[in-house]
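What follows is a set of notes on a single structure, which appears directly below.
Spelled out as structure tokens, the structure:
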């Protein structure tokens, strides 16, 4: 009787191990989707020339609207680093004119488009093909950025 109970235990344990291994794992968050803390850290430590657009409150402790998206998009890539002249947008749904953009990061998923006016070929930030240092996405030929209302 003891052997039967012990055998059942090991069979159950082996079954759980197989099921545990076969379980799907969640996809990691896109590196180009930053938390507000990561965004604030980048702002505090970058030497990029920054232009602010949208909510320009410099108070990091000020409450942010739940639907606001923060984006930084820059005009230079040197090696694996994004920088140069950068624009920081903090706001809601919009189509941002972004000529000369070669890399970006944001706190929500956004679309980056090859034509002005958020038309033409657009790609979601979560579908970024090439990541740069610091979690930026390499986005050559970007002319506009689509900020979703969600």
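Residue numbers (this note's numbering): 70 to 219.
Each residue gets a CB set at the ideal place from its N, CA and C atoms; glycine is no exception.
Practice task
Can you check DSSP and say which residues form a bridge with residue 207?
Solution key: Answer by DSSP bridge pairing, in chain order: 172.
Handout entry: Residues near residue 119 in its chain [Cβ-Cβ closer than 7 Å; skip 5 each side]
Key = Contacts found: 155, 157.
Problem - Which of helix, strand or coil DSSP assigns to residue 104 - result: Of the three classes helix, strand and coil, the one that applies to residue 104 here is coil, per DSSP.
Handout entry: Buried or exposed by the 16-neighbour rule on C-beta atoms within 10 Å, applied to residue 97
Key = For residue 97, the predicted structure reports a pLDDT of 45, less than 50, and the residue's modelled location is therefore unreliable. A value from the coordinates is still provided. The residue in question, residue 97, is exposed, as its Cβ has fewer than 16 Cβ neighbours within 10 Å.
Exercise for the section: For residue 80, name the three-state secondary structure that DSSP assigns. Expected result: Because residue 80 carries a pLDDT of 44, less than 50, the predicted location of this residue cannot be relied on, and the following value inherits that uncertainty. Under the three-state reduction of DSSP output, residue 80 falls in the helix class.
Practice task
Tell me whether residue 90 sits in a helix, a strand or coil according to DSSP, three-state version.
Solution key: Confidence at residue 90 is low in this model, with a pLDDT of 42, below 50, so its placement is unreliable and the value that follows should be read with caution. In the structure shown, residue 90 sits in a helix (DSSP, three-state: H, G or I).
Practice task
Using a threshold of 9 Å, state whether the C-beta atoms of residue 117 and residue 153 are closer than that.
Solution key: In this structure, residue 153 lies closer than 9 Å to residue 117 by Cβ.
Exercise for the section: Please name the residue in 137, 191, 111 whose C-alpha comes closest to that of residue 214. Expected result: Of the candidates 137, 191, 111, 191 places its Cα closest to the Cα of residue 214.
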